[in-house]
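Here the structure is laid out as structure tokens; the discussion comes afterwards.
What follows is the structure in structure tokens.
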């Protein structure tokens with residue numbers, strides 16, 4: 020079970036999304052925080068999503084308060100921030116834990132090679148990115164300081180699409 024499709028996650032409105040809806044899509048999964056210095060990446064992620072969504076690309080954001088207590092929002096307040104302040108059209112899930120024993124199962128999977136079959140790369144800060152191929156397998160990861168528009172990220176996405 021080294022594919023992402025086995026998971027579900029909750030959106031800020033309380034609805035639960037089964038990740039099987041992402042089959043045959045390339046995913047960029049990012050742990051985010053509205054109070055982080057990397058928060059300008061939200062707009063870069065939005066532009067990236069707009070550029071490639073018609074080719075089967077999705078951005079999945081997972082807000083987390085794990086690093087520097089930089090995500091105070093959850094639920095409706097988080098949804099409002101993403102919709103009205105950031106004007107995001109990609110999927111933003113409700114706030115979760117991305118590190119430690121209480122990490123969401125998606126992040127336990129993403130960070131553990133025994134589970135994902137590819138890499139041991141746990142987020143060290145907000146805006147750590149995982150690239151998932153159309154088969155639902157972890158393809159690569161990018162540290163927080165790697166911008167969504169970096170040549171390395173774009174090249175990998177285009178190759179997978």
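Numbering (our numbering), first residue to last: 20 to 180. A virtual CB, placed ideally from N, CA and C, is assigned to each residue, including glycine.
(message) Within the continuous alpha helix (DSSP H) that includes residue 172, where are the two ends?
(response) Per DSSP, residue 172 belongs to the alpha helix (DSSP H) from 170-179.
(message) Give me the residue from 124, 155, 152, 154 with the minimum Cα distance to residue 141.
(response) Answer by Cα proximity: 124.
(request) Just tell me which of 26, 48, 32, 34 has its CA closest to the CA of residue 163. (result) Closest option to residue 163, judged by alpha-carbon separation, among 26, 48, 32, 34: 48.
(request) Within its chain, find whatever has a CB closer than 8 Å to the CB of residue 166; leave out the 5 residues flanking it on each side and keep chain order. (result) So the list reads 60, 63, 172, once near-sequence residues are dropped.
(message) Using a Cβ-Cβ cutoff of less than 8 Å, which residues in the same chain neighbour residue 100 once the five nearest sequence positions on both sides are dropped?
(response) Counting only Cβ-Cβ distances below 8 Å, and skipping sequence neighbours, we find 53, 92.
(request) Find out if the Cβ-Cβ distance for the pair residue 115, residue 69 is shorter than 7 Å. (result) Taking 7 Å as the Cβ cut-off, residue 115 and residue 69 do not qualify as a contacting pair.
(message) Going residue by residue through the stretch 94-152, where are the continuous beta strand (DSSP E) segments of at least 3 residues, counting only ones entirely within it?
(response) Those beta strand (DSSP E) runs which fall completely within the stretch 94-152 and span 3+ residues are 148-151.
(message) Can you check which of these residues, 66, 37, 111, 136, is closest to residue 51 by C-alpha distance?
(response) Ranking the options by Cα distance to residue 51, first place goes to 111.
(request) Go ahead and pull the three-state DSSP assignment for residue 165. (result) If DSSP states are grouped into helix, strand and coil, residue 165 belongs with coil.
(request) Taking residue 146 as the reference, give the member of 109, 31, 130, 56 with the closest Cα. (result) With distances taken between Cα atoms, residue 146 lies closest to 56.
(message) By the DSSP assignment, the beta strand (DSSP E) with residue 79 in it spans what residues?
(response) Residues 76-82.
(request) Taking residue 67 as part of the alpha helix (DSSP H), name the residues at either end of that continuous run. (result) Per DSSP, the unbroken alpha helix (DSSP H) holding residue 67 starts and ends at 60-71.
(request) Give the DSSP bridge partners of residue 21, in chain order. (result) In DSSP, residue 21 forms no bridge with anything.
(message) Buried or exposed, going by whether 16 or more other CB atoms sit within 10 Å of the CB of residue 143?
(response) It counts as exposed.
(request) Taking residue 157 and residue 135 to be in contact with their CB atoms under 8 Å, please state how far apart those CB atoms are, rounded to whole angstroms. (result) Contact holds; Cβ gap of about 4 Å.
(request) On the DSSP bridge assignment, give the partners of residue 46 in chain order. (result) Per DSSP, 77, 151.
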